[in-house]
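Have a look at the structure below before the remarks.
Number of protein chains: 2
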Amino acid sequence: LIELRDVRKIYRIGDIEIRALDGVSLEIHEGEYIAIIGPSGSGKSTLMHVLGCLDRVTEGHVRIDDVDVSRAGSDRLARTRNEKIGFVFQSFNLLPRLNVLENVELPLVYSGIGKSERRRRALEAVAAVGLSDRTGNRPNQLSGGQCQRVAIARALVNRPRIILADEPTGALDSRTGRAIMDLFRELSQRGHTVALVTHDANVASEAARQIVLRDGKIV
Amino acid sequence: LIELRDVRKIYRIGDIEIRALDGVSLEIHEGEYIAIIGPSGSGKSTLMHVLGCLDRVTEGHVRIDDVDVSRAGSDRLARTRNEKIGFVFQSFNLLPRLNVLENVELPLVYSGIGKSERRRRALEAVAAVGLSDRTGNRPNQLSGGQCQRVAIARALVNRPRIILADEPTGALDSRTGRAIMDLFRELSQRGHTVALVTHDANVASEAARQIVLRDGKIV
Ligand SMILES: Nc1ncnc2c1ncn2[C@@H]1O[C@H](COP(=O)(O)OP(=O)(O)OP(=O)(O)O)[C@@H](O)[C@H]1O
Ligand SMILES: Nc1ncnc2c1ncn2[C@@H]1O[C@H](COP(=O)(O)OP(=O)(O)OP(=O)(O)O)[C@@H](O)[C@H]1O
Ligand SMILES: [Mg+2]
Ligand SMILES: [Mg+2]
Numbered sequence: 079l080i081e082l083r084d085v086r087k088i089y090r091i092g093d094i095e096i097r098a099l100d101g102v103s104l105e106i107h108e109g110e111y112i113a114i115i116g117p118s119g120s121g122k123s124t125l126m127h128v129l130g131c132l133d134r135v136t137e138g139h140v141r142i143d144d145v146d147v148s149r150a151g152s153d154r155l156a157r158t159r160n161e162k163i164g165f166v167f168q169s170f171n172l173l174p175r176l177n178v179l180e181n182v183e184l185p186l187v188y189s190g191i192g193k194s195e196r197r198r199r200a201l202e203a204v205a206a207v208g209l210s211d212r213t214g215n216r217p218n219q220l221s222g223g224q225c226q227r228v229a230i231a232r233a234l235v236n237r238p239r240i241i242l243a244d245e246p247t248g249a250l251d252s253r254t255g256r257a258i259m260d261l262f263r264e265l266s267q268r269g270h271t272v273a274l275v276t277h278d279a280n281v282a283s284e285a286a287r288q289i290v291l292r293d294g295k296i297v
Numbered sequence: 079l080i081e082l083r084d085v086r087k088i089y090r091i092g093d094i095e096i097r098a099l100d101g102v103s104l105e106i107h108e109g110e111y112i113a114i115i116g117p118s119g120s121g122k123s124t125l126m127h128v129l130g131c132l133d134r135v136t137e138g139h140v141r142i143d144d145v146d147v148s149r150a151g152s153d154r155l156a157r158t159r160n161e162k163i164g165f166v167f168q169s170f171n172l173l174p175r176l177n178v179l180e181n182v183e184l185p186l187v188y189s190g191i192g193k194s195e196r197r198r199r200a201l202e203a204v205a206a207v208g209l210s211d212r213t214g215n216r217p218n219q220l221s222g223g224q225c226q227r228v229a230i231a232r233a234l235v236n237r238p239r240i241i242l243a244d245e246p247t248g249a250l251d252s253r254t255g256r257a258i259m260d261l262f263r264e265l266s267q268r269g270h271t272v273a274l275v276t277h278d279a280n281v282a283s284e285a286a287r288q289i290v291l292r293d294g295k296i297v
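So the protein sequences, as listed, match chains S and Z.
Each residue of the first sequence is one higher than the one before, counting from 79 in our numbering.
Each residue of the second sequence is one higher than the one before, counting from 79 in our numbering.
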């Protein structure tokens with residue numbers, strides 16, 4: 079389903095070169111559940127952005143569902159993302175002027191879903207993360223873990239085939255985190271492809287397969 | 079050193095009332111090392127903001143070093159904060175247009191420390207969190223865990239008597255997190271007062287005392 083070949087992501091700042099990804103090749107098959115682990119700064123978020131068509135690679139090839147996204151135009155990229163991928167960002171990236179429900183509805187707006195169906199689906203997603211009583215609040219009125227859960231609800235609302243979550247339980251206590259992991263497990267059992275970045279060994283052990291990154295390479 | 083009596087922090091949104099803190103009384107003595115734990119949304123960050131003179135309480139009393147900060151003017155509050163307290167925010171709050179070194183120097187600028195002494199101390203703090211090779215970068219050029227470490231360096235650069243850290247290892251792998259916990263342990267051993275919010279049981283067990291929050295109350 080997702081294939082990376084010899085992928086490099088290199089940042090140049092002045093004459094300094096930072097190799098965020100340094101020759102990564104990877105295959106993720108439909109329905110797989112993988113965990114990506116590794117030290118701070120090893121390239122995990124960068125890898126997730128590449129998998130999620132959010133960042134272009136400097137070198138190498140990226141195929142998603144047989145589409146070569148490393149050569150695709152930005153419109154094509156955006157459509158692929160919206161139709162197939164749900165992304166939970168490490169720092170949530172909620173829109174500060176929209177309330178919880180509006181934030182969660184956003185992927186459905188891009189998909190052209192009608193107003194009442196959007197509302198229905200968004201309420202369902204918000205309920206799944208335990209925030210039904212906070213739908214009218216904006217992100218600055220929420221705790222860190224509540225923001226994280228809104229980001230998760232938004233990523234899942236379109237029922238995407240591919241779910242990419244960058245440290246989805248980082249701001250959650252063990253019980254709330256457990257509920258979220260049950261959610262991912264259920265989605266995986268229903269055939270969704272799930273890739274999680276995590277520092278939590280318990281979370282990593284839920285996946286069928288672990289990928290370890292170090293200095294931009296898979297070890 | 080820090081005393082809270084019957085503290086309430088109540089947000090009113092329309093006719094809805096959210097009791098972020100709902101009658102909290104607490105004493106933290108000089109040199110103590112405490113961990114604050116509890117579910118997402120239970121009031122931990124709110125409690126930290128009150129302890130750190132960053133938020134005013136709705137009801138109750140807050141004393142820091144015998145100063146009644148619940149009645150103090152905002153200048154007095156700011157001075158107390160700058161002189162006595164180092165704060166690591168749950169979402170880091172780095173200034174996006176400043177580089178790592180400039181971000182870390184900020185508390186020293188407020189203290190009126192001279193340029194070369196600021197630089198020296200900031201470099202020391204950055205080295206302590208393992209980021210000496212990234213001093214020229216801005217926050218958007220750093221990974222989540224790198225940003226967290228910059229926030230920690232900034233909080234410690236003034237060698238404050240009171241260190242308040244809201245989930246300081248949330249974005250860190252276990253090895254980098256271990257190095258940060260060693261840093262806090264060393265500061266505690268040297269007499270600094272340390273209060274950490276954490277979801278990590280390992281981190282909580284490092285403290286001499288654990289405080290558990292639930293629905294804005296200490297249980
Ligand atoms: N500005 C605000 N307006 C309204 N409610 C708020 C505001 N700030 C915080 N709250 C609410 O106060 C409660 C406590 O928030 P707080 O951030 O202290 O929780 P927390 O224990 O730190 O949670 P987490 O573990 O998720 O970070 C939450 O229900 C939160 O939504
Ligand atoms: N825009 C950028 N410019 C320069 N360097 C960057 C940029 N974005 C990321 N980097 C660097 O690329 C490397 C990998 O970053 P990445 O965010 O993928 O790490 P990570 O494994 O997710 O780390 P963490 O666990 O701390 O979140 C880091 O050294 C980071 O500083
Ligand atoms: Mg990351
Ligand atoms: Mg919090």
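Every residue gets a Cβ at the ideal spot worked out from N, C-alpha and C, and that includes glycine.
All figures in this text were calculated on a predicted structure; none of them were measured in a lab.
Proximity test, Cβ basis, 8 Å: residue i and chain Z
i, result
"Asp202/S", "It should be noted that the sequence gives Glu, not Asp, for residue 202/S. Chain Z, which has no Cβ nearer than 8 Å to the Cβ of Glu202/S, makes this no."
"Gly119/S", "yes"
Within chain S, partners of residue i - CB distance below 7 Å
i, result
"Gly294/Z", "Simply none; closest approach about 11 Å."
Proximity winner among the options, relative to residue i (alpha-carbon distances)
i, options, result
"Asp251/S", "Pro117/Z, Gly109/Z and Val102/Z", "Pro117/Z"
"Arg267/S", "Asn215/S, Ile289/S and Glu108/S", "According to the sequence shown, residue 267/S is Gln rather than Arg. It is Glu108/S."
"Gly269/Z", "Ser123/Z, Glu110/Z and Ala200/Z", "Glu110/Z"
"Arg237/Z", "Arg287/Z, Leu176/Z, Gly164/Z and Arg263/Z", "Gly164/Z"
"Val178/Z", "Pro246/Z, Val228/Z and Ala205/Z", "Val228/Z"
"Ser152/S", "Ile258/S, Gly223/S, Glu183/S and Leu132/S", "Leu132/S"
"Ser120/Z", "Arg287/S, Arg253/S, Arg198/S and His277/S", "Arg253/S"
"Met126/S", "Asp93/S, Arg197/S and Leu82/S", "Leu82/S"
"Ile80/Z", "Gly101/Z, Leu129/Z and Asp211/Z", "Leu129/Z"
"Arg134/S", "Lys122/S, Pro217/S, Val85/S and Gly92/S", "Val85/S"
"Arg263/Z", "Ala113/Z, Glu202/Z and Gly223/Z", "Ala113/Z"
"Thr136/Z", "Ala282/Z, Glu284/Z, Tyr89/Z and Ser123/Z", "Tyr89/Z"
"Ala257/S", "Arg196/S, Arg216/S, Arg175/S and Val207/S", "Val207/S"
"Asn160/S", "Leu104/S, Arg199/S, Arg239/S and Lys122/S", "Arg239/S"
"Ile91/S", "Ile241/Z, Arg212/Z and Val140/Z", "Arg212/Z"
"Gln226/S", "Pro185/S, Asn181/S, Leu201/S and Ile191/S", "Asn181/S"
"Leu220/S", "Glu105/Z, Thr124/Z and Val102/Z", "Thr124/Z"
"Val140/S", "Asp244/S, Ser210/S and Gly101/S", "Gly101/S"
"Leu242/S", "Asn215/S, Leu201/S and Ala285/S", "Ala285/S"
9 Å Cβ cut-off: residues of chain Z touching residue i
i, result
"Ser103/S", "Residues of chain Z passing the Cβ test: none, with the nearest at roughly 22 Å."
"Ser210/S", "Those within 9 Å of Ser210/S in chain Z number zero; the least Cβ separation is about 13 Å."
Any chain S beta carbon closer than 8 Å to residue i
i, result
"Gln224/Z", "yes"
"Ser148/Z", "no"
Within chain S, the residues that residue i reaches when beta carbons sit closer than 9 Å
i, result
"Gln219/Z", "Tyr89, Ile91 and Ile96"
"Ser283/Z", "Within chain S, no residue comes near Ser283/Z; the closest Cβ sits about 14 Å away, beyond 9 Å."
Closer than 8 Å to chain C by CB, residue i
i, result
"Pro174/S", "Here chain C cannot be found, since the structure's protein chains are S and Z."
Any C-beta of chain Z within less than 8 Å: which residues of the stretch 158 to 188 of chain S qualify?
Of all residues in the stretch 158 to 188 of chain S, Gln168 and Ser169 have a Cβ within less than 8 Å of some Cβ in chain Z.
May I ask you to list, following chain order, the residues of the stretch 236 to 256 of chain Z that have a beta carbon less than 9 Å from some beta carbon of chain S?
Taking a C-beta cut-off of 9 Å against chain S, the contacting residues of the stretch 236 to 256 of chain Z are Asp244, Glu245, Thr247, Gly248, Ala249, Leu250, Asp251, Ser252, Arg253, Thr254 and Gly255, listed in chain order.
Identify each residue in the stretch 80 to 97 of chain Z for which the Cβ-Cβ distance to at least one residue of chain S is less than 9 Å, and report them in chain order.
When CB distances to chain S are screened at a threshold of 9 Å, the residues of the stretch 80 to 97 of chain Z falling below it are Tyr89, Ile91, Gly92, Ile94 and Ile96, in chain order.
Could you run through the stretch 259 to 281 of chain Z and flag, in chain order, every residue whose CB is less than 7 Å away from some CB of chain S?
Under the 7 Å Cβ criterion, the stretch 259 to 281 of chain Z contributes His277.
Going along the stretch 109 to 143 of chain Z in order, which residues come within less than 9 Å of chain S, judged by CB to CB distance?
When CB distances to chain S are screened at a threshold of 9 Å, the residues of the stretch 109 to 143 of chain Z falling below it are Ile115, Gly116, Pro117, Ser118, Gly119, Ser120, Gly121, Lys122, Ser123 and Thr124, in chain order.
Would you be able to state if there are at least three C-beta pairs under 8 Å between the stretch 231 to 243 of chain Z and the stretch 144 to 157 of chain Z?
Because the criterion of three Cβ pairs below 8 Å is not met, the stretch 144 to 157 of chain Z and the stretch 231 to 243 of chain Z do not touch.
For the 8 Å Cβ check, are there 3 or more pairs between the stretch 89 to 109 of chain S and the stretch 283 to 296 of chain S?
The stretch 89 to 109 of chain S, when compared against the stretch 283 to 296 of chain S, does touch it at the 8 Å Cβ threshold.
Is it the case that the stretch 238 to 249 of chain S contacts the stretch 271 to 278 of chain S, given that we only count it when at least three CB pairs across the two stretches are under 8 Å?
With a cut-off of 8 Å on Cβ pairs, the stretch 271 to 278 of chain S is in contact with the stretch 238 to 249 of chain S, counting three or more such pairs.
Are three or more beta carbon pairs between the stretch 140 to 149 of chain S and the stretch 167 to 174 of chain S nearer than 8 Å?
Counting C-beta pairs with one atom in each stretch, the stretch 140 to 149 of chain S and the stretch 167 to 174 of chain S have fewer than three that are closer than 8 Å, which means they do not touch.
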